Amino acid sequence: MNRIGHGFDAHRLADGRSMILGGVRVPFERGPLAHSDGDVLAHAIADALLGAAALGDLGARFPDSDVQWKDANSLELLARCAEAVREAGFTLENVDATIVVDRPKLARFIERMRQNIAARLALPVDRVGVKAKSSEGMGYTGDGTGIAAYAVALVSG
Ligand code: MG
């Protein structure tokens, strides 16, 4: 039986932080403020996968109160979540995600993000969708306050 999961993540942007999305360091003067590396794309996909298997969420699994996860590589956390979903008896089918932010423009980094995520999920890259959307100046993703990502994941088993 197929099961679908949904994930969302958002982080505030701060001066002097690195912007890492799907494991790609995107050149920009600001980046997500977070306990981990703040990779909203990896976090949203991880929550979608965990959600598809009804295994809770990333924050419960890797609490930001735990120093072990300070500056954690979120692709590594994503890989662990995929492993947990497989251990629960599911096969990963595909994931699809959307990053929402007006700046920086992300088009030229998308393929590397897909490759990184596919590698960590042990999926072919054609089963990993990543898009970037602007919110046209509206709200926290439009005015530079923050960055958000949404994801869905399909698993079977
Ligand atoms: Mg997060």
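Mapping to the numbering used here: the sequence shown position 98 is 95, numbers consecutive. Every residue gets a Cβ at the ideal spot worked out from N, C-alpha and C, and that includes glycine. Bear in mind that the values here come from a model prediction, so they are computed numbers and not experimental data.
- Apply the 10 Å Cβ neighbour rule to histidine 8 and answer buried if 16 or more other Cβ atoms are within range, or exposed otherwise. buried
- Query: Quick one: does the C-beta of alanine 76 sit closer than 7 Å to a heavy atom of the ligand MG?
  - Reply: Within the chosen limit of 7 Å, the ligand MG does not reach the beta carbon of alanine 76 with any heavy atom.
- Task: Taking 8 Å as the cut-off, decide whether the C-beta atoms of leucine 72 and alanine 150 are in contact.
- Result: Cβ distance not < 8 Å, so leucine 72 and alanine 150 don't count as in contact.
- Mapping DSSP to helix, strand and coil, what is glutamate 90? strand
- Task: May I ask which residues mark the beginning and end of the beta strand (DSSP E) holding glycine 176?
- Result: Lying outside -2 to 154, the shown extent of the chain, residue 176 is not represented and no answer is given.
- What do you reckon, are the CB atoms on valine 98 and threonine 138 nearer than 8 Å? Using a Cβ distance threshold of 8 Å, valine 98 and threonine 138 count as a contacting pair.
- Item | Range of the contiguous beta strand (DSSP E) that encloses leucine 151 | 143 to 153
- Item | Pair within 8 Å by beta-carbon distance, lysine 37 and isoleucine 96 | The residue asked about is misnamed: residue 37 is valine in this sequence, not lysine. Contact: yes.
- Task: Determine, using beta-carbon pairs with one atom in the segment 134 to 148 and one in the segment -1 to 15, whether at least three such pairs fall under 8 Å.
- Result: Taking one beta carbon from each stretch, the segment 134 to 148 and the segment -1 to 15 have 3 or more pairs nearer than 8 Å; the two touch.
- Opposing strand residues paired with glycine 28 [DSSP bridges]: Ala11
- Whose CA, out of Val82, Ala50 and Asn70, lies closest to the CA of valine 21? Here the closest residue by C-alpha is Asn70.
- CB of aspartate 6 to nearest heavy atom of the ligand MG: below 7 Å? Aspartate 6 has its CB nearer than 7 Å to a heavy atom of the ligand MG.
- Query: If you follow the beta strand (DSSP E) that alanine 129 is part of, which residue opens it and which one closes it?
  - Reply: 125 to 130
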